[in-house]
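Chains as they are written, first to last, in the working numbering: chain V, 1 to 655; chain R, 656 to 999.
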Amino acid sequence: MKEGLFNGMNIKILDSQLRQYLKTKATPFEISEKLSLTSVSVERIEKLANDFCYEIEITTNRPDLFSVLGIAKEAAAVLPQFGIEAKYIPPALRNNQIKEKFPIEIINNPKLVNRILAVVMEVEIAQSPKEIKETLESSGIRSLNNIIDVTNYVMRTIGHPTHVFDFDRLNTKKLLIREAKGGEKITTLDGKTYTLLGSEIIAANDKDEIVDLLGVMGLENSVVTSNTKRIIYFIDNNEPIHIRRASMDLGIRTEAAVLNEKDIDPNLSMDAMLYGISLFEKIAHGKQVSEILDIYPNKPLSKTIQVSLEKINKITGINIDTQKIIEILESLNFKTNLKKDSIEVIVPSERLKDIEIQEDIIEEIARIYGYENIPSVLPSLTNNPHSFINNFYWEKKLKQAFKYYGFTECYTYSFVSEDMYEGPVSEAVEISNPLTTDFVYMRNSLIPSLLQVVSDNKTQEEIKIFELANIYNKKNNNLPDEILTLSGIIKKRHANFYEAKGIIEQLLFDIGIKNLIFKTSKKNAIGASLFIENTYLGEIEVLDTDLIDFELNFEIILNHATAKKEYKSFAKYPPIIEDLSVIVGNEVNTEALIEAIKSQSNLITDVSLNDTYLASRTFRIVYQDEEKNLTKDDVSKIRTQIISSLEKNFKAQIK
Amino acid sequence: MEEELIGIKNTALSFILEAEDLQSLEDTKLQFLGRSGKLTLAIKEITKIPLEKRPAVGILANEVKKTIEEALLQQEKLLSKKKNENILKKIDVTNPGVKPTLGHLHLVTQALEEISTIFESIGFSKEKYPEIDWDYYAFSALNFPKDHPARDDWETFFIKGEEDKKMGKILLSPHTSTGQVREIEKGKLPIRMLNIAKCYRRQSDVSHTPMFHQFEGLVVDKNISITHLKGTLDYFVKSYFGDKRKSRIRPYHFQFTEPSFEVDVTCGVCLGKGCRLCKAGWLEMGGAGMVHPNVLKAGGLDPKIYTGFAFGWGVERVLMMKAGLEIDDLRLLYSNKLEFLSQF
Chain V
1 MKEGLFNGMN IKILDSQLRQ YLKTKATPFE ISEKLSLTSV SVERIEKLAN
51 DFCYEIEITT NRPDLFSVLG IAKEAAAVLP QFGIEAKYIP PALRNNQIKE
101 KFPIEIINNP KLVNRILAVV MEVEIAQSPK EIKETLESSG IRSLNNIIDV
151 TNYVMRTIGH PTHVFDFDRL NTKKLLIREA KGGEKITTLD GKTYTLLGSE
201 IIAANDKDEI VDLLGVMGLE NSVVTSNTKR IIYFIDNNEP IHIRRASMDL
251 GIRTEAAVLN EKDIDPNLSM DAMLYGISLF EKIAHGKQVS EILDIYPNKP
301 LSKTIQVSLE KINKITGINI DTQKIIEILE SLNFKTNLKK DSIEVIVPSE
351 RLKDIEIQED IIEEIARIYG YENIPSVLPS LTNNPHSFIN NFYWEKKLKQ
401 AFKYYGFTEC YTYSFVSEDM YEGPVSEAVE ISNPLTTDFV YMRNSLIPSL
451 LQVVSDNKTQ EEIKIFELAN IYNKKNNNLP DEILTLSGII KKRHANFYEA
501 KGIIEQLLFD IGIKNLIFKT SKKNAIGASL FIENTYLGEI EVLDTDLIDF
551 ELNFEIILNH ATAKKEYKSF AKYPPIIEDL SVIVGNEVNT EALIEAIKSQ
601 SNLITDVSLN DTYLASRTFR IVYQDEEKNL TKDDVSKIRT QIISSLEKNF
651 KAQIK
Chain R
656 MEEELIGIKN TALSFILEAE DLQSLEDTKL QFLGRSGKLT LAIKEITKIP
706 LEKRPAVGIL ANEVKKTIEE ALLQQEKLLS KKKNENILKK IDVTNPGVKP
756 TLGHLHLVTQ ALEEISTIFE SIGFSKEKYP EIDWDYYAFS ALNFPKDHPA
806 RDDWETFFIK GEEDKKMGKI LLSPHTSTGQ VREIEKGKLP IRMLNIAKCY
856 RRQSDVSHTP MFHQFEGLVV DKNISITHLK GTLDYFVKSY FGDKRKSRIR
906 PYHFQFTEPS FEVDVTCGVC LGKGCRLCKA GWLEMGGAGM VHPNVLKAGG
956 LDPKIYTGFA FGWGVERVLM MKAGLEIDDL RLLYSNKLEF LSQF
């Protein structure tokens, strides 16, 4: 499930910062452990000179915890469950009540921005005081100057990104919030130029020049400089999907963008505004000179969820006391009304995006109650019988056989480059967003990958490798066919076709496949095409004097594999075994000779090629009668027939 | 006649003593005691001598025969012993044996066989689903909203071609969870499913390969609760990692489970005390959770009646978490260096 794909993001918070809003005797290690067990994972805790730094992973559903205040509130809910006293102390925020109107007309698009707050302030730009600098740097944020530092400090404390413009450089009567048009160019405050793709949220001045890339990064033409005297402190709560697209497409992964794309509670915007103003006053001689403009078209709706008491027990598997449930929910800022068989839960605004159904509420109850307090029970076995002699059984069996035949198993990537694809790539299953040009086409043969392994292991004189993996065939308007395929390579001096053939014959014989047919390959290769009766199975190819490969359709093997065993009673009468040496032209197949010999009498129970020497082939012939002892005369008659048949049909010489 | 018998005895005894191997001893035996051996022939002659002398000669002949037989037996023992000594002297037991070539199964195969056996022993049955699948099974049916980041081009591999109106794009499964709704849709309850398969994500670094393997468990039944997830997890951890390792679940977030968990196992090196390889004694193994009601619904089940749990863990990850396998770059697993593969 996890493994990087839907991961959260990490935040660094100082213990001293946290304790401004959290009153508790818990040690940093206790806070860290209890949070990890019931809330967010504290990945690391680092000891500093006079402080501790927590590195915390925040999952994407909890942007409300991406701040000092968020963590303080959560810790205050969690710690008492472990018998440790803890209390959340909210920051003291004050509204200055200035009458002066905000001087710029802002035209918002409610589809793009949920809320805009803006204020004009007079400031003195300078370096931040030591403690602000140190706190920022320890939290992984670079300290630049007191103005920029305030915006970052507010974001980290409250959990809402903020922005400043130089009011005088902005020099406009109007700001228009709109989607960018494709091809518009911007220069960000770090001096890099980007061409916009369209759909980014931007602010344009009265000359229609872009002055901000909202929610992602400020621009060079409106950023504060060392000469800045007046600023607009600007807070924008944005539609998250626009932000993510802009940030990912342009490759600008600022902390503000990462937060903004998570859908932050717009009710936090005002806290961020008031806290920011107080910080400008404190560290930048800030003076608020306009009212706070508040454009708030998209207020969150309140939400009530019914949670059935029975459902709580069903999912947790235990009975949790109703009073305990209410206590837990209220500690997390939910409001509750106890009904007959259920609890009516009112969701706080910071959790509106995350809490949707009763299972979400049950998670809140269960995690704070403590997963370690829930017992472990194995689920019962079921009444559904299933055979263990299934495809997985055969896969395992054949892999084991290969291992004991001296083969080493490889796992190569399912995607290959154009060079490694067999045939025209227009027929390939193609990845539209490959990671590199080496991984573009879903392969239709394992052989090129295995040949790559051979060439990557040049120093090995003898190599026997195999792989069992899917190959892929494109289908129109449907999922591609996935064909499980078994392939192998033998590399050695004087590699022998018959070795590869013998291995395949033995392997398949062992799993009950006895009617294997080898025909001269119709492909442009020296080798054989394999069939089980009339069904095509695959190929053995001789690539070079020291290199042989084979590739078999494993699905067909699976269709024919059988674990069925048959007992045949022992023969009552002994066989007579004779060798017969025959010289024939090399255009004659051994199989044809064997068939010819066999067809002479049904007393011939087996014929096999026993030896070859120059042009001579020696066949071992087994004669046996189930009803009686064979005599020399019986055999001699058949032998005469065999010889005359071979002489007649194959111009054979008999030695 | 008596002299002849004594002469035979002496000749025989000297032949016997001079025999250097069992074969020449056997020849000597035939020469004297065989059907036409010297002693046999001499004894046949006894009938030709006068009757009164016969008993004395008969007794002598018997003594001669007995003496020769005893001498033969004696020498045979001696020579047998000598023969064995000669053979044993020729074996240097420290010389190398004649070994058949031994191949190697890939570490991933070895891990997935072990994992399968553990889950099969508690009633899970192994299933297989498409590796290349619709967006629907990978995301939509698993409660991912339309614009979820996991669907972005930079996380998941997509296949070129037209989008299906209902099923969406075709993609390489980014997780084994793609099998969940496919399994529920079969309508065969209760479910105890295990799915081990190749997965693909757009990532490549020391701890990620673009192709990897996951194993997914899905249990759906009436009254399945968190207790059962914990029970299954404990059973797996103890069976796979050993009795000394412990497991725990912590809150996490996934779209398709609610509640969702992160699963930790105590570190194999410090066994939970805390060391530089782990986080305060714990290592993350992967995700798990109670099946989201929307996922049950997508598969056609009523979440009021049925509940379930699911987990999906990385095969490579649990392999690395086993003590003894400190592989510092995961990409080595798929490098197919024979020097690496032949170690296992």
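Cβ coordinates follow ideal geometry from the N, Cα and C atoms, glycine included.
From a predicted model like this one, the values you see are computed outputs, not experimental measurements.
Checklist entry - Which residues bound the alpha helix (DSSP H) around Pro914 of chain R? => result Here residue 914 of chain R refers to the residue found at position 259 of the second sequence. From DSSP, Pro914 of chain R is part of no alpha helix (DSSP H) but of the beta strand (DSSP E) over Thr912 to Thr921.
Item to check | Proximity test, Cβ basis, 8 angstroms: Pro785 of chain R and chain V | outcome: For this step, residue 785 of chain R is matched to residue 130 along the second sequence. By this cut-off, Pro785 of chain R is an interface position.
Item to check | Residue interval of the beta strand (DSSP E) (run including Phe964 of chain R) | outcome: Counting from 1 along the second sequence, the entry for residue 964 of chain R is found at position 309. Segment Tyr961 to Gly969, the beta strand (DSSP E) holding Phe964 of chain R.
Next on the checklist: Which residue wins for smallest C-alpha separation from Glu551 of chain V, given the options V:Ile583, V:Gly488, V:Thr545 and V:Phe66?
Outcome noted: Indexing the first sequence from 1 puts residue 551 of chain V at position 551. Closest by alpha carbon: V:Gly488.
Checklist entry - Any Cβ of chain V within less than 8 angstroms of the Cβ of Thr921 of chain R? => result Walking along the second sequence from the start, residue 921 of chain R turns up at place 266. Not one chain V Cβ lies under 8 angstroms of Thr921 of chain R.
Checklist entry - Who does Ser906 of chain R pair with in a DSSP beta bridge? => result Here residue 906 of chain R refers to the residue found at position 251 of the second sequence. Sequence check: residue 906 of chain R is Pro here, not Ser. For Pro906 of chain R, which the question treats as bridged, DSSP gives the partners R:Phe916.
Item to check | Beta-carbon neighbours of Ile777 of chain R, restricted to chain V and to distances below 7 angstroms | outcome: Counting from one through the second sequence, the residue named residue 777 of chain R turns up at place 122. Near Ile777 of chain R (Cβ distances below 7 angstroms), the residues of chain V are Leu378.
Checklist entry - Whole-angstrom Cβ separation of Lys34 of chain V and Leu69 of chain V, contact assumed at under 8 angstroms? => result Reading the first sequence from its first residue, position 34 is the one you call residue 34 of chain V. Reading the first sequence from its first residue, position 69 is the one you call residue 69 of chain V. Your pair Lys34 of chain V and Leu69 of chain V does not check out as a contact, with CB atoms roughly 18 angstroms apart and the cut at 8 angstroms.
Checklist entry - With 16 as the cutoff for other CB atoms within 10 Å, does Asp544 of chain V come out buried or exposed? => result Here residue 544 of chain V refers to the residue found at position 544 when the first sequence is read from its first residue. Asp544 of chain V comes out exposed.
Item to check | Tyr607 of chain R (DSSP reduced to helix, strand or coil) | outcome: Because chain R here runs from 656 to 999, residue 607 of chain R falls outside it and cannot be looked at.
Checklist entry - What are the complete alpha helix (DSSP H) segments, minimum 4 residues, inside the region 209-283 of chain V? => result 240-250, 255-260 and 268-283
Next on the checklist: Using a Cβ-Cβ distance cut-off of 8 angstroms, determine whether Met1 of chain V contacts chain R.
Outcome noted: Your numbering for residue 1 of chain V matches position 1 in the first sequence. Its pLDDT being 33, under 50, Met1 of chain V is placed unreliably by the model, and the measurement read from it follows with that caveat. Chain R contact via Cβ: present.
Item to check | Residue nearest to Ala571 of chain V in terms of C-alpha spacing, selected from V:Lys111, V:Leu603, V:Lys464 and V:Leu18 | outcome: For the purposes of this step, residue 571 of chain V is taken as the residue at position 571 of the first sequence. Taking only the C-alpha atoms, the option nearest Ala571 of chain V is V:Leu603.
Checklist entry - In this structure, does DSSP put Leu558 of chain V in helix, strand or coil? => result As a working mapping, residue 558 of chain V is identified with position 558 in the first sequence. It is helical.
Next on the checklist: Can you confirm whether Phe6 of chain V, when its beta carbon is compared against all beta carbons of chain R, has any partner nearer than 8 angstroms?
Outcome noted: By one-based count along the first sequence, residue 6 of chain V stands at place 6. Note that Phe6 of chain V has pLDDT 42, beneath the 50 cutoff, so the model's placement of it is unreliable and the number below is only indicative. It does: the Cβ of Phe6 of chain V has a partner Cβ on chain R nearer than 8 angstroms.
Next on the checklist: On the CB-based measure, 16 or more other CB atoms within 10 Å of its CB, does Ala563 of chain V come out buried or exposed?
Outcome noted: Within the first sequence, numbered from 1, the residue matching residue 563 of chain V stands at position 563. When all chains shown are included, Ala563 of chain V counts as exposed.
Next on the checklist: Rounded to the nearest angstrom, what separates Arg657 of chain V and Ala203 of chain V at their Cα positions?
Outcome noted: Residue 657 of chain V lies beyond the range of chain V shown here (1 to 655); nothing can be said about it.
Checklist entry - With a CB to CB cut of under 7 angstroms and the five nearest residues on each side skipped, what residues in its chain are close to Gly936 of chain R? => result The sequence position of residue 936 of chain R within the second sequence is 281, counting from 1. Cβ within range, chain order: Thr921, Cys922, Cys925, Gly927, Lys928 and Gly929.
Item to check | Neighbour list for Phe52 of chain V in chain R, Cβ cutoff strictly below 8 angstroms | outcome: As a first step, residue 52 of chain V is located in the first sequence; it is residue number 52 there, counting from the start. The premise fails here: Phe52 of chain V is roughly 14 angstroms from chain R at the closest Cβ pair, so nothing lies under 8 angstroms.
Checklist entry - Can you list the residues of chain V that Val763 of chain R reaches, using a CB-CB cut of under 8 angstroms? => result Position 108 of the second sequence, counted from the first residue, corresponds to residue 763 of chain R. Near Val763 of chain R (Cβ distances below 8 angstroms), the residues of chain V are Tyr411.
Checklist entry - Along the chain, which unbroken stretches of the alpha helix (DSSP H) at least 4 residues long are found entirely within the region 284-346 of chain V? => result 309-316 and 322-331
Item to check | Whole-number beta carbon distance between Glu261 of chain V and Ser247 of chain V, since they are thought to touch under 8 angstroms | outcome: For this step, residue 247 of chain V is matched to residue 247 along the first sequence. For this step, residue 261 of chain V is matched to residue 261 along the first sequence. Confirmed, about 6 angstroms.
Next on the checklist: Rounded to the nearest angstrom, what separates Gly816 of chain R and Leu398 of chain V at their Cα positions?
Outcome noted: Along the second sequence, one-based indexing puts residue 816 of chain R at 161. Along the first sequence, one-based indexing puts residue 398 of chain V at 398. Rounded to the nearest angstrom, the two C-alpha atoms are 36 angstroms apart.
Item to check | DSSP three-state assignment for Asp808 of chain R, whether helix, strand or coil | outcome: Residue 808 of chain R sits at position 153 when you count from the first residue of the second sequence. DSSP places Asp808 of chain R in coil when its eight states are reduced to three.
Checklist entry - Which runs of the beta strand (DSSP E) fall wholly inside the region 139-222 of chain V and span at least 3 residues, in chain order? => result 163-166, 174-179, 185-187, 193-195, 201-204 and 210-213
Checklist entry - When DSSP labels each residue in this structure, what does Arg639 of chain V get in the three-state scheme? => result As a first step, residue 639 of chain V is located in the first sequence; it is residue number 639 there, counting from the start. Residue state, collapsed to three classes: helix.
Checklist entry - Where does Leu672 of chain R land, buried or exposed, given buried means 16+ other C-beta within 10 angstroms? => result For this step, residue 672 of chain R is matched to residue 17 along the second sequence. Exposed is the call here.
Checklist entry - Thr408 of chain V and Gly758 of chain R: beta carbons closer than 8 angstroms? => result As a position in the first sequence, residue 408 of chain V is number 408, starting the count at 1. As a position in the second sequence, residue 758 of chain R is number 103, starting the count at 1. Yes, the pair counts as a contact, with Cβ atoms nearer than the cut-off.
Item to check | Residue span of the alpha helix (DSSP H) that contains Asp682 of chain R, given as start and end | outcome: Taking the second sequence and counting its residues from 1, one reaches residue 682 of chain R at position 27. Counting along the chain, the alpha helix (DSSP H) containing Asp682 of chain R begins and ends at Leu677 to Leu688.
Checklist entry - Going by the CB atoms, is the gap between Arg367 of chain V and Thr38 of chain V shorter than 8 angstroms? => result Taking the first residue of the first sequence as position 1, residue 38 of chain V is located at position 38. Taking the first residue of the first sequence as position 1, residue 367 of chain V is located at position 367. Yes; because the gap between Cβ atoms is below 8 angstroms, this pair is in contact.
Next on the checklist: Measuring alpha carbon to alpha carbon, tell me which residue in R:Gly692, R:Ser859 and R:Leu743 is nearest Thr666 of chain R.
Outcome noted: Within the second sequence, the letter at position 11 stands for residue 666 of chain R. The option with the nearest alpha carbon to Thr666 of chain R is R:Gly692.
Checklist entry - Residues bridged to Thr24 of chain V by DSSP? => result What you label residue 24 of chain V is simply residue 24 of the first sequence in a count that begins at 1. Beta-bridge pairing links Thr24 of chain V to V:Ala86.
Next on the checklist: Within 8 angstroms, do at least three Cβ pairs link the region 788-800 of chain R to the region 741-760 of chain R?
Outcome noted: Pairwise C-beta distances place the region 741-760 of chain R out of contact with the region 788-800 of chain R, as fewer than three of them are shorter than 8 angstroms.
Next on the checklist: Let me check understanding here. Comparing Cα to Cα, which of V:Ser581, V:Met420 and V:Thr612 lies closest to Ser445 of chain V?
Outcome noted: Numbered from 1 along the first sequence, position 445 holds the residue referred to as residue 445 of chain V. Closest in alpha carbon position to Ser445 of chain V, among V:Ser581, V:Met420 and V:Thr612, is V:Met420.
Item to check | Rounded C-alpha distance that separates Ile483 of chain V from Ile532 of chain V | outcome: As a first step, residue 483 of chain V is located in the first sequence; it is residue number 483 there, counting from the start. As a first step, residue 532 of chain V is located in the first sequence; it is residue number 532 there, counting from the start. Roughly 17 angstroms separates the two Cα atoms.
Checklist entry - How would you write the range of the beta strand (DSSP E) that Tyr393 of chain V sits in, first residue to last? => result By one-based count along the first sequence, residue 393 of chain V stands at place 393. Element bounds for Tyr393 of chain V: not the beta strand (DSSP E) but the alpha helix (DSSP H), Asn391 to Tyr404.
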